[in-house]
Amino acid sequence: MSKNTRKAALEKFKMEAAREVGVSLDQGYNGSLTSKQAGSIGGQMVKKMIESYEDKNI
């Protein structure tokens, strides 16, 4: 998988997580996000990664 493909997949994953927690993201820089919003997105991403890992290792 190329670097650009991985980067695009991560961006898509981030947008999906943001949508799930109700945070609106723009393409590119999102400096207007609050710490709470950014943390919600990151937390949702980690939650989904852990769920994915657990599903594969059951």
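For what it's worth, our numbering labels the leading residue of the sequence shown as 280, then goes sequentially. We treat Cβ as the ideally placed atom computed from N, Cα and C, and that holds for glycine.
By Cβ distance below 6 Å, which residues in the same chain neighbour residue i in space, the five residues on each side in sequence not counted?
{"i": "methionine 297", "result": "For the sequence presented, residue 297 should be read as alanine rather than methionine. For alanine 297, where only same-chain residues beyond five positions count, the Cβ hits under 6 Å are Leu304 and Ile320."}
Considering only residues of the same chain and omitting the five flanking positions on each side of residue i, which have a CB-CB separation below 8 Å?
{"i": "phenylalanine 292", "result": "Met324 and Lys327"}
Using the Cα positions of residue i and residue j, report the straight-line distance between them to the nearest angstrom.
{"i": "alanine 288", "j": "lysine 315", "result": "24 Å"}
{"i": "serine 281", "j": "threonine 313", "result": "32 Å"}
{"i": "serine 311", "j": "alanine 317", "result": "10 Å"}
{"i": "asparagine 336", "j": "glutamate 330", "result": "10 Å"}
{"i": "methionine 294", "j": "tyrosine 308", "result": "13 Å"}
Quick one: what's got a C-beta closer than 7 Å to residue i's C-beta in the same chain, skipping five residues either side?
{"i": "asparagine 283", "result": "none"}
Check each candidate in the options and name the one with the smallest Cα separation from residue i.
{"i": "glycine 322", "options": "Ser281, Arg285, Val300 and Met280", "result": "Val300"}
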